[in-house]
Amino acid sequence: MKIRALLTSAGINIGLCVLFLSLYSVLRKQPANVRVYFGRRIAEEHDRLREAFILERFVPSTGWIVKALQCTEEEILAAAGLDAVVFNRILVFSIRIFSLAALLCVFGILPLNYFGQDIQHVRIPSESLDRFTIGNVAVRSRWLWVHCVALYIISGVACILLYIEYKHIARLRLLHLTRATPNPSHFTILVRGIPKATKQPCSNVVTEFFTKYHASSYLFHQVVYKVGKVQKIMTGAKKAYKKFKHFKDNTVDQGCRAITYRCCLCGASSNSFKLLTTECEQKRGKADNDSNLDLQDEECTAAFVFFKTRYAALVASEILETSNPMQWVTNLAPEPDDVYWSNLWLPYKQLWIRRIATLLGSIVFMFLFLIPVTFIQGLSQLEQLQQKLPFLNGILKKNYISQLVTGYLPSVILQIFLYTVAPIMMLFSTLEGPTSHSERKKSACCKVLYFTVWNVFFVNVLSGTVISQLNMLSSPKDIPVQLARAIPGQATFFITYVLTSGWASLSSEVMQLFGLIWNFIRKYILRMREDTEFVPSFPYHTEVPKVMLFGLLGFTCSVLAPLILPFLLVYFFLGYVVYRNQLLNVYRTRYDTGGLYWPIAHNTVIFSLVLTQIICLGVFGLKESPVAAGFTIPLIILTFLFNQYCRNRLLPLFRTFPAQDLIDMDREDERSGRIYEIHHLLHSAYCQFPDTEDVPLEKIQTDGRDEEQGSSSGESNDKGTCENPRRDLSHPTLKGLPVSRLQHAVRSITFLIRLQKRGLSEQKSG
0 MKIRALLTSA GINIGLCVLF LSLYSVLRKQ PANVRVYFGR RIAEEHDRLR
50 EAFILERFVP STGWIVKALQ CTEEEILAAA GLDAVVFNRI LVFSIRIFSL
100 AALLCVFGIL PLNYFGQDIQ HVRIPSESLD RFTIGNVAVR SRWLWVHCVA
150 LYIISGVACI LLYIEYKHIA RLRLLHLTRA TPNPSHFTIL VRGIPKATKQ
200 PCSNVVTEFF TKYHASSYLF HQVVYKVGKV QKIMTGAKKA YKKFKHFKDN
250 TVDQGCRAIT YRCCLCGASS NSFKLLTTEC EQKRGKADND SNLDLQDEEC
300 TAAFVFFKTR YAALVASEIL ETSNPMQWVT NLAPEPDDVY WSNLWLPYKQ
350 LWIRRIATLL GSIVFMFLFL IPVTFIQGLS QLEQLQQKLP FLNGILKKNY
400 ISQLVTGYLP SVILQIFLYT VAPIMMLFST LEGPTSHSER KKSACCKVLY
450 FTVWNVFFVN VLSGTVISQL NMLSSPKDIP VQLARAIPGQ ATFFITYVLT
500 SGWASLSSEV MQLFGLIWNF IRKYILRMRE DTEFVPSFPY HTEVPKVMLF
550 GLLGFTCSVL APLILPFLLV YFFLGYVVYR NQLLNVYRTR YDTGGLYWPI
600 AHNTVIFSLV LTQIICLGVF GLKESPVAAG FTIPLIILTF LFNQYCRNRL
650 LPLFRTFPAQ DLIDMDREDE RSGRIYEIHH LLHSAYCQFP DTEDVPLEKI
700 QTDGRDEEQG SSSGESNDKG TCENPRRDLS HPTLKGLPVS RLQHAVRSIT
750 FLIRLQKRGL SEQKSG
């Protein structure tokens with residue numbers, strides 16, 4: 000690739016970034032877009048902007064950048080949680096290390112690469128990018144020791160900065176534990192694999208086990224029920240109620256027909272709402288008629304068990320309860336808002352099969368992705384493309400077409416294909432059976448990270464080698480040599496990838512294109528009311544792998560192809576501003592892992608450093624520099640030793656909680672008398688139905704009747720009409736709403752709520 004092609008790609012992406020950022024600075028000031036760009040704040044404050052015309056709203060400005068830079072770490076922690084602080088520290092680490100690498104390599108190594116051989120140079124715009132890589136350095140050059148020294152400096156400073164960040168985040172994690180309000184998850188464990196008894200319900204089995212083996216610390220428990228359909232009805236009823244609860248009028252027109260749909264398979268009409276309502280009504284009738292209802296079929300082999308102290312819960316979660324590791328499996332419970340209820344119903348013995356299946360599915364998907372990646376690499380090599388597609392010779396001979404095809408098109412196509420990765424990996428992570436939303440997202444983050452590192456880095460490098468040299472890797476011992484030969488040649492593609500996937504994606508992120516389009520359709524086409532409930536959470540599973548991949552590219556290319564470093568620095572500086580703005584204004588934090596993304600980032604940086612050192616070792620071997628190659632081997636060993644020290648010194652703080660801090664917190668709560676209040680709050684912390692009261696639909700009276708309601712209901716409605724004169728409402732969200740059936744659906748939930756209350760009251764009295 001020529002410098003002209005790189006400049007073409009850079010110009011396109013710079014233009015897109017300037018356009019998107021300018022549009023964002025204007026669109027964020029418009030009252031119609033306040034839900035898109037200030038979703039988190041609106042959901043918390045429920046403020047409304049005035050609709051008056053203000054000229055300042057239509058002028059681009061940089062005030063949002065100043066506000067994002069002025070925000071402190073404490074404000075980010077309070078607004079978005081510890082995970083947001085960890086993500087911010089990853090960007091800070093990247094800015095620091097690559098600022099040093101850019102100064103060191105651009106001014107120290109780049110001239111050595113460019114003048115590495117005694118050849119005649121042409122004008123820089125017509126120069127090939129290979130002239131700026133280590134591949135241009137002559138064999139047995141005496142200047143290779145400079146590359147080795149630069150590698151030592153970058154690796155050493157990276158390890159020092161890593162350790163500083165690791166200690167800082169570990170301290171924040173401990174403060175997050177000790178300074179937070181009493182967290183129910185610290186007193187609770189999740190028990191899975193409960194053995195079912197034939198004659199007694201699961202609840203009695205749990206009570207008998209924990210009163211026998213944890214009698215001094217056991218408080219009570221709550222069994223998990225299979226109530227998926229009921230929960231869907233409850234959620235739908237609440238959403239429907241919220242649509243008209245703000246009206247002061249107490250009348251809803253029920254004259255419209257109930258909405259039915261044709262089944263795609265048999266063509267018969269059905270009303271799923273009515274079917275679910277009828278099913279729950281039958282269950283409710285059975286519960287009312289038979290107080291000794293046997294609900295063993297509704298019970299799962301899982302339960303939340305509550306303890307008197309945090310330390311007792313920690314001990315119970317860490318030890319092996321029985322000689323059969325597949326039964327009575329205990330873990331600390333996730334936070335109440337973080338529980339992924341659907342996966343609690345999965346049998347524990349089934350999880351290992353699911354993990355193997357999702358692992359195989361991920362591997363198959365990774366190999367299927369080789370097809371577009373290989374095609375993309377063919378686009379980046381113009382000579383090979385002209386040979387395989389001779390009918391394109393006339394078009395590709397034009398300078399601007401060749402520059403566009405080789406400099407911009409490959410990275411754009413790869414980015415389009417990569418958009419499918421995150422949803423598929425999230426699906427695989429869900430099928431694994433995690434019990435919390437944060438665990439599912441963290442698992443998806445690891446999968447996306449492995450996928451992007453393999454397909455964007457290794458496959459691009461190796462497929463480029465196959466296309467250009469038509470040979471495969473001969474043996475594993477030749478991998479460093481093959482990478483040493485391939486990476487300098489692929490550095491040009493990585494630069495364009497940083498421009499397209501980095502700069503352009505950040506401008507797209509700050510613009511919120513999908514949210515902006517959906518907001519326009521929702522408000523002006525569908526005429527739907529604004530919903531403050533749905534505010535997206537930050538996509539850590541896509542953004543953390545993206546940042547870590549760019550870090551990998553920066554480390555591996557810093558010594559070999561330093562020209563990538565200025566482009567990376569622009570990405571990290573822009574990302575630092577954009578992500579801080581998004582975390583403060585756009586995304587809402589629903590759950591938090593407590594900083595567990597940092598070990599993933601630390602391990603990725605260590606992997607990047609070791610891979611860079613191995614590749615440099617192969618390059619020094621190819622250049623026949625035994626001194627540089629010999630000094631690289633101790634550096635690899637020292638990096639492994641540093642990683643082992645961090646694993647022993649700091650990683651345990653991210654795996655569990657220190658008993659010393661938990662005991663101190665328990666004693667402080669007992670001394671202040673707050674422990675009894677905490678125990679009282681535990682009774683409703685992990686309720687599958689958090690609202691123990693029915694939705695007050697009885698306050699809303701109905702005009703008319705449903706088509707399928709009997710005459711008795713119609714008579715009662717007529718009586719209500721005589722007693723309370725009312726006027727009809729005309730609103731698009733109220734027409735055709737089956738309120739009477741909605742009332743029956745909500746009332747049908749009470750049999751499980753009463754069962755839950757009955758179990759808790761029996762445990763209290765016992």
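Quick note: the sequence shown uses numbering that gives the first Met the number 0, first residue 0, plus one each step.
Ideal placement from N, C-alpha and C gives every residue a C-beta, glycine not left out.
None of the values given here were measured: they were computed from a predicted structure.
Just how far apart, CA to CA, sit residue i and residue j?
i, j, result
"V497", "Y570", "8 Å"
"V17", "V585", "21 Å"
"I133", "W453", "23 Å"
"L696", "L218", "Note that L696 scores a pLDDT of 44, beneath 50, so its modelled location is shaky and nothing firm can be said."
"Q349", "I355", "10 Å"
"L189", "F303", "5 Å"
"R673", "R439", "33 Å"
"S322", "N203", "21 Å"
"V458", "Y418", "18 Å"
"L358", "K66", "43 Å"
"A684", "P183", "7 Å"
"C645", "A312", "27 Å"
"L369", "V363", "10 Å"
"Q199", "E334", "30 Å"
"Y675", "M664", "14 Å"
"R130", "I632", "27 Å"
"K545", "V420", "12 Å"
"F554", "S154", "9 Å"
"D591", "L616", "41 Å"
"F209", "D82", "34 Å"
"I605", "H185", "32 Å"
"L769", "G80", "Nothing about residue 769 can be reported from this structure: the residues present for the chain run from 0 to 765 only."
"T451", "T491", "18 Å"
"I11", "T187", "54 Å"
Measure the CB-CB distance between residue i and residue j and report whether it falls below 8 Å.
i, j, result
"L640", "P598", "no"
"H175", "G593", "yes"
"I486", "L413", "no"
"K766", "L150", "With the chain covering only 0 through 765, there is no way to say anything about residue 766."
"V156", "L90", "no"
"F493", "L552", "yes"
"I614", "A443", "no"
"H609", "I636", "Checking the displayed sequence, the identity of residue 609 turns out to be Val instead of His. Against a cut-off of 8 Å, the Cβ pair of I636 and V609 comes out as no contact."
"Y596", "V85", "yes"
Tell me the residue span of the alpha helix (DSSP H) that contains residue i.
i, result
"H601", "596 to 621"
"C299", "Careful: C299 lies outside any alpha helix (DSSP H), inside the beta strand (DSSP E) at 298 to 306."
"S536", "S536 -> no alpha helix (DSSP H), and no H or E assigned at all."
"I64", "62 to 69"
"T419", "Careful: T419 lies outside any alpha helix (DSSP H) and carries neither H nor E."
"S671", "658 to 671"
"D82", "81 to 107"
"Q643", "625 to 648"
"V455", "Counting along the chain, V455 falls outside any alpha helix (DSSP H), and DSSP gives it neither H nor E."
"L680", "674 to 681"
"L652", "651 to 654"
What residue range does the beta strand (DSSP E) around residue i cover?
i, result
"V223", "217 to 224"
"L331", "328 to 331"
Cβ of residue i within 7 Å of any heavy atom in the ligand MG?
i, result
"K622", "Of the ligands one can find in the structure shown there are none, so the ligand MG has no counterpart to examine."
_Complete runs of the beta strand (DSSP E) confined to the region 120 to 206 [at least 3 residues]_ = 187 to 191
*Contact between the region 315 to 327 and the region 186 to 205 (3+ Cβ pairs under 8 Å)*: These segments touch.
_I want to know whether the region 134 to 150 touches the region 538 to 545 - three or more CB-CB distances under 8 Å._
no
*Does the count of Cβ pairs from the region 78 to 98 and the region 513 to 525 closer than 8 Å reach three?*
no
*Mind the definition here: the region 301 to 316 touches the region 656 to 669 only if three or more C-beta pairs lie below 8 Å; say whether that holds.*
yes
*Do three or more CB pairs link the region 72 to 81 to the region 100 to 116 at distances below 8 Å?*
no
*When the Cβ atoms of the region 338 to 351 are set against those of the region 419 to 434, are three or more pairs found closer than 8 Å?*
yes
*asked:* Does the contact criterion of 3 or more C-beta pairs under 8 Å hold for the region 492 to 508 versus the region 565 to 582?
replied: yes
_As an exercise, report each continuous beta strand (DSSP E) stretch of at least 3 residues that is fully enclosed by the region 307 to 365, in chain order._
328 to 331
*4 or more residues per run - each alpha helix (DSSP H) lying fully within the region 511 to 589*: 512 to 519, 539 to 557, 563 to 584
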